[in-house]
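Numbering-wise, the sequence shown is residues 0 to 175 according to numbering that gives the first Met the number 0. First the structure, in the form of structure tokens, and then the observations on it.
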Amino acid sequence: MTTRRAVAALWCSAAMAAAAGCSGSTHAAVPAEFCKVPVSKTALSPLIPDNGSVKQTYDATEGQPGAGCALSAGGHRVLFVAITLSDRAPDPAGWKASAAPYKYAAERAVSFPGHAAIGSDGAVVQATCTSRTGYMTFGVDFFGDRVENTPTGYEKLQPFIDDFVAKETKRFGCAK
0 MTTRRAVAAL WCSAAMAAAA GCSGSTHAAV PAEFCKVPVS KTALSPLIPD NGSVKQTYDA
60 TEGQPGAGCA LSAGGHRVLF VAITLSDRAP DPAGWKASAA PYKYAAERAV SFPGHAAIGS
120 DGAVVQATCT SRTGYMTFGV DFFGDRVENT PTGYEKLQPF IDDFVAKETK RFGCAK
């Protein structure tokens, strides 16, 4: 009887360990698109936690071209981007000051025409249109345990911004 119980206990322990191992290895799927544009998985995956299902929302703005897009993983918001398109020359002042709430925000070089103040937990971006008069503004908020609140934490967010902003400016007809 003691041997049977020991074998049963070992078998149950092994089954429970295997089940726990399986549940611990699930990774959140990195979406191929965000905010109606394809995004680089290598740029987006560092922003998404390993566990939980990924959900997105897209809300077009009324009265002015733009959108608000959110990405959640495991029921927690991870990323929110507010986009606006303006058909006039950009205001030369103010965009950098609006990045003040973001930790370690500073003006950073970007891969598209425009300016960006990128911090570890968010950014303010002003992309200059190349195919029409005007510019686009992007407010990016990054939340959760993937945020690295350090002077170099922006390095996790910047590849996403470089990839995403360039594609959104094309989608809105701002860039070629």
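A virtual CB, placed ideally from N, CA and C, is assigned to each residue, including glycine. Just so we're clear, the structure is a prediction, and the values are computed from it rather than from any experiment.
Straight-line gap, residue i to residue j (C-alpha atoms, nearest Å)
{"i": "Cys-68", "j": "Gly-113", "result": "21 Å"}
{"i": "Gln-125", "j": "Ser-44", "result": "24 Å"}
{"i": "Ala-42", "j": "Ser-97", "result": "24 Å"}
{"i": "Cys-128", "j": "Ser-85", "result": "9 Å"}
{"i": "Pro-48", "j": "Lys-54", "result": "12 Å"}
{"i": "Ala-31", "j": "Met-135", "result": "23 Å"}
{"i": "Arg-87", "j": "Leu-46", "result": "33 Å"}
Nearest to residue i (by Cα), restricted to the options the options
{"i": "Gly-121", "options": "Tyr-57, Glu-106, Tyr-134", "result": "Glu-106"}
{"i": "Ser-130", "options": "Lys-35, Gly-172, Val-124, Asp-162", "result": "Gly-172"}
{"i": "Phe-79", "options": "Asn-148, Ile-160, Pro-64", "result": "Ile-160"}
{"i": "Pro-64", "options": "Ile-82, Gly-51, Thr-132, Thr-56", "result": "Ile-82"}
{"i": "Val-139", "options": "Gly-51, Pro-158, Ala-28", "result": "Pro-158"}
Outcome for residue i when other beta-carbon atoms lying within 10 angstroms are tallied against a minimum of 16
{"i": "Tyr-101", "result": "buried"}
{"i": "Ser-119", "result": "buried"}
{"i": "Lys-175", "result": "exposed"}
{"i": "Ala-104", "result": "buried"}
{"i": "Ala-116", "result": "buried"}
{"i": "Lys-35", "result": "exposed"}
{"i": "Ser-71", "result": "buried"}
{"i": "Tyr-153", "result": "buried"}
{"i": "Lys-40", "result": "exposed"}
Item checked: Validate contact between the segment 69-86 and the segment 140-153 using beta carbons, cut 8 Å, 3 pairs -> yes
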